[in-house]
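Just so you know, the protein sequences line up as chains A and B, in that order. The opening residue of the first sequence carries number 0 in numbering that gives the first Met the number 0; numbering runs sequentially from there. The opening residue of the second sequence carries number 0 in numbering that gives the first Met the number 0; numbering runs sequentially from there. Glycine included, C-beta positions come from ideal geometry on N, C-alpha and C. Here's the structure we're looking at; comments come further down.
Protein chains: 2
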Amino acid sequence: MTGGTRRRIVVSTLAEARFFADGGFDDILYAYPLPFDKLEECASLAERLESFHVLVDSSEALALLKRRRLSPGKLWKVWLKIDCQNGRAGLSNTDPAALELARAIAEAPTELLGIYAHCGNSYSCRGVSEIQSVAQATTLCTLNFMDKLREAGLACGSVSSIGSTPSCSHPVPEMARLKEVHPGNYIFYDVQQMMIGSCQLEDVAVRVLTRVIGHYPHRNQLLVDCGWTGLSLHSLGQLPTGYALVEGHPNLKLVGMTQEHGRIEPTTGELDFSKYPLGSLLALIPYHACATAAMHPLYYVHSQGQLVATWKPVRGW
Amino acid sequence: MTGGTRRRIVVSTLAEARFFADGGFDDILYAYPLPFDKLEECASLAERLESFHVLVDSSEALALLKRRRLSPGKLWKVWLKIDCQNGRAGLSNTDPAALELARAIAEAPTELLGIYAHCGNSYSCRGVSEIQSVAQATTLCTLNFMDKLREAGLACGSVSSIGSTPSCSHPVPEMARLKEVHPGNYIFYDVQQMMIGSCQLEDVAVRVLTRVIGHYPHRNQLLVDCGWTGLSLHSLGQLPTGYALVEGHPNLKLVGMTQEHGRIEPTTGELDFSKYPLGSLLALIPYHACATAAMHPLYYVHSQGQLVATWKPVRGW
Numbered sequence: 000m001t002g003g004t005r006r007r008i009v010v011s012t013l014a015e016a017r018f019f020a021d022g023g024f025d026d027i028l029y030a031y032p033l034p035f036d037k038l039e040e041c042a043s044l045a046e047r048l049e050s051f052h053v054l055v056d057s058s059e060a061l062a063l064l065k066r067r068r069l070s071p072g073k074l075w076k077v078w079l080k081i082d083c084q085n086g087r088a089g090l091s092n093t094d095p096a097a098l099e100l101a102r103a104i105a106e107a108p109t110e111l112l113g114i115y116a117h118c119g120n121s122y123s124c125r126g127v128s129e130i131q132s133v134a135q136a137t138t139l140c141t142l143n144f145m146d147k148l149r150e151a152g153l154a155c156g157s158v159s160s161i162g163s164t165p166s167c168s169h170p171v172p173e174m175a176r177l178k179e180v181h182p183g184n185y186i187f188y189d190v191q192q193m194m195i196g197s198c199q200l201e202d203v204a205v206r207v208l209t210r211v212i213g214h215y216p217h218r219n220q221l222l223v224d225c226g227w228t229g230l231s232l233h234s235l236g237q238l239p240t241g242y243a244l245v246e247g248h249p250n251l252k253l254v255g256m257t258q259e260h261g262r263i264e265p266t267t268g269e270l271d272f273s274k275y276p277l278g279s280l281l282a283l284i285p286y287h288a289c290a291t292a293a294m295h296p297l298y299y300v301h302s303q304g305q306l307v308a309t310w311k312p313v314r315g316w
Numbered sequence: 000m001t002g003g004t005r006r007r008i009v010v011s012t013l014a015e016a017r018f019f020a021d022g023g024f025d026d027i028l029y030a031y032p033l034p035f036d037k038l039e040e041c042a043s044l045a046e047r048l049e050s051f052h053v054l055v056d057s058s059e060a061l062a063l064l065k066r067r068r069l070s071p072g073k074l075w076k077v078w079l080k081i082d083c084q085n086g087r088a089g090l091s092n093t094d095p096a097a098l099e100l101a102r103a104i105a106e107a108p109t110e111l112l113g114i115y116a117h118c119g120n121s122y123s124c125r126g127v128s129e130i131q132s133v134a135q136a137t138t139l140c141t142l143n144f145m146d147k148l149r150e151a152g153l154a155c156g157s158v159s160s161i162g163s164t165p166s167c168s169h170p171v172p173e174m175a176r177l178k179e180v181h182p183g184n185y186i187f188y189d190v191q192q193m194m195i196g197s198c199q200l201e202d203v204a205v206r207v208l209t210r211v212i213g214h215y216p217h218r219n220q221l222l223v224d225c226g227w228t229g230l231s232l233h234s235l236g237q238l239p240t241g242y243a244l245v246e247g248h249p250n251l252k253l254v255g256m257t258q259e260h261g262r263i264e265p266t267t268g269e270l271d272f273s274k275y276p277l278g279s280l281l282a283l284i285p286y287h288a289c290a291t292a293a294m295h296p297l298y299y300v301h302s303q304g305q306l307v308a309t310w311k312p313v314r315g316w
């Protein structure tokens, strides 16, 4: 994914940052509002790596960085987070405080490295047109802010980045003027992204294999050995097929899950239990790959029907 | 919890069974419909322990056990799962096949050890009266089935067990006639159990500490560093206070979570940000302790304000 460079990645936890640093990666952005209890861990990564970046959206966080100077020759590399109608982290792009904070970051011992916006509001879109509308709005919002920086004489060193899997799956021409994009979910994609319009079902590269463990004709249901510890509850059961898609069986609905059990019934009609013998496997296509992946200690990587690798995910913080 | 005996426990995964076996526990019931791919792992535990029990609710699963004999002197110790209106695993208690399966289990090389019913339907109750109604119905259903066993000459060795945290929190007198009960969530309790009526808020012994990482007056919200990786989505946000309770702050509502972020706003009025400084801690009381606990690699155990232990949970299967 980095073309062999092991450079220019974004992480959302310090556990991920440490993992990648240990693996020889550098130029790592910890794209998360600087947690006040993790300043020393950030400093350690900033000292250790050539280019470790933090993100701030408050003068209080910046003050922390200014008080905790790095060793001579090192400056904190800082991104300013702005909020372009997403409503999670970031100073509103129209708030004069955003430009003021950019100016304050640009003063030593910190370096204003870039402007970061996340268009998570693309997750409420349905279809390419709505996605592109959000992508364009966030891009223009960010580019306009970059213009304001230049007008204020703060341009040097600043790069711009926006992202979300929906918007980066259907980029608009204006995005070519950004320096970076930062999607994440596209590695696997999932049913949620398919419903949003980011991808097609055949693009989804993650499955949870589950085994049939019970036949209950009196209630027209079968039981599988995947509960929410194996899938998460993230669709809230609201798909036409419940909590997931059952690959190759569009007539099946995962109607409920408890910790280690999943209940499946037909969307209509009587279940033909002979098609799903006890002990046989079904493949669930998750609604939210990130949430499902977070439940597993090991991933089995397949290519052309062969197991080619196992991956251990980084969890925790 | 076992009074020092390290005996008579119920697990829902083989990972848990192995963990407890390694810790010197015995008399372990793996209360899960025998998964066809895990027969050898079960056999290994059955050989290794004095008393490892499996659970079946199909003749196919029993056939597997009969084909995989244990070493001389060892019999598979088997519980029959019956379904008393819960609608998850188990043969319906009124299905003649249940008694037939009990008879088949009682034949060597398997031993009919007990009858097991789970009253998970108590989770849809509100208040003690509704809980006790389910507890009583499940108890009588199970005891009646035990009577049928005796009438069929199959009584010997059979014990009975029902359970769920709500029903075992408010036991009915009839439950004294059961040999065992098997609740689980009561160890922590949680907001869900409080809503059901199993416990009071002060009984809930689990918290997720989270740190304030953002102030956003323009939308009357603050951000905390707990997303669904730290809490799960299990309340679906439907509590009056959203996805959790914020301890000591009944006016706060956790309105949304993404992977690593939580958004909090007041239930009414304007947020007084000075009460929640950046970097300060809030304590979230989870909706579903099992789901929240499943997200963490380590628990910090407190007593009277002191950290007295750390626990590593068993995850996986």
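Candidates the options: closest to residue i by CA position
| i | options | result |
| --- | --- | --- |
| B/A124 | B/F144, B/L100 and B/T164 | For the sequence presented, residue 124 of chain B should be read as Cys rather than Ala. When only C-alpha atoms are compared, the closest one is B/T164. |
| B/N143 | B/Q131, B/V158 and B/E129 | B/V158 |
| B/S273 | B/Q220, B/T228, B/Q303 and B/P312 | B/Q220 |
| B/V55 | B/V211, B/L253 and B/A88 | B/A88 |
| A/G265 | A/M294, A/T4, A/L148 and A/P239 | What sits at residue 265 of chain A in the sequence shown is Pro, not Gly. That would be A/P239, whose Cα lies nearest to the Cα of A/P265. |
| A/V171 | A/S132, A/G196, A/A293 and A/E150 | A/S132 |
| B/Y31 | B/V9, B/A45 and B/R218 | B/V9 |
| B/A134 | B/M145, B/E173 and B/P216 | B/E173 |
| A/A154 | A/M193, A/I114, A/S128 and A/H248 | A/I114 |
| A/S128 | A/H248, A/G196, A/R47 and A/P216 | A/G196 |
| B/L177 | B/E150, B/G86 and B/D146 | B/D146 |
| B/A97 | B/E246, B/A151 and B/M193 | B/A151 |
| B/G22 | B/P34, B/L33 and B/T4 | B/T4 |
| A/S91 | B/Y188, B/Q192, B/P216 and B/G2 | B/P216 |
| A/Q192 | A/S50, A/A288 and A/A175 | A/A288 |
| A/F35 | A/E46, A/E59, A/L306 and A/L100 | A/E59 |
| A/Y188 | A/E179, A/H181 and A/C198 | A/C198 |
| B/L48 | B/L33, B/A20 and B/T93 | B/A20 |
| A/Y122 | A/M194, A/P71 and A/A175 | A/M194 |
C-beta contact flag for residue i and residue j at 9 Å
| i | j | result |
| --- | --- | --- |
| B/W316 | B/T12 | yes |
| B/H352 | B/I186 | For chain B, the structure presents residues 0 to 316; residue 352 of chain B sits outside this window and is missing. |
| A/L281 | A/V203 | no |
| A/V190 | A/I284 | yes |
| A/T137 | A/L230 | no |
| B/Q258 | B/G226 | yes |
| B/A14 | B/V207 | no |
| B/I27 | B/A42 | no |
| B/R6 | B/F24 | yes |
| B/S57 | A/L277 | yes |
| B/V300 | B/A293 | no |
| A/A45 | A/L69 | yes |
| B/L270 | A/L232 | no |
| B/R66 | A/G86 | no |
Environment of residue i [buried if 16+ CB atoms lie within 10 Å]
| i | result |
| --- | --- |
| B/I81 | buried |
| B/H169 | buried |
| A/K252 | buried |
| A/K37 | buried |
| A/T228 | buried |
| A/V245 | buried |
| A/P249 | exposed |
| B/P95 | exposed |
| B/P296 | exposed |
| B/A101 | buried |
Residues near residue i by beta carbon distance below 6 Å, same chain, minus five either side
| i | result |
| --- | --- |
| B/S234 | Y242 and Y286 |
| A/R210 | D224 and L280 |
| B/E40 | L13 |
| B/L33 | V53, V55 and A60 |
Neighbouring residues, chain E, relative to residue i (Cβ below 8 Å)
| i | result |
| --- | --- |
| B/C83 | Protein chains in the displayed structure are A and B, and chain E is not among them. |
Cβ-based neighbour list, residue i, same chain, cut-off 8 Å, excluding 5 preceding and 5 following
| i | result |
| --- | --- |
| A/V77 | H52, V53, L54, V55, L61, L64, I104, T109, E110, L111 and L112 |
| B/Q84 | N120, A136, T137 and C140 |
Nonlocal neighbours in the same chain, by C-beta distance under 7 Å from residue i, ignoring five residues either side
| i | result |
| --- | --- |
| A/L74 | A107, P108, T109 and E110 |
| B/R262 | Q220, L222, V254 and G255 |
| B/N184 | T164, Q192, A288 and C289 |
Those runs of the alpha helix (DSSP H) which lie wholly inside the stretch 121–192 of chain A and span at least 4 residues: If we require 4 residues or more, the alpha helix (DSSP H) runs fully inside the stretch 121–192 of chain A come out as 127–150 and 164–168.
Please specify which runs of the beta strand (DSSP E), each continuous and at least 3 residues long, are wholly inside the stretch 1–43 of chain B, giving them in chain order. As far as the stretch 1–43 of chain B is concerned, its whole beta strand (DSSP E) runs of at least 3 residues are 6–10 and 25–32.
Uninterrupted beta strand (DSSP E) stretches inside the stretch 219–284 of chain B (no shorter than 3 residues): Uninterrupted beta strand (DSSP E) stretches at least 3 residues long and entirely within the stretch 219–284 of chain B occur at 220–223, 243–245, 251–256 and 261–265, given in chain order.
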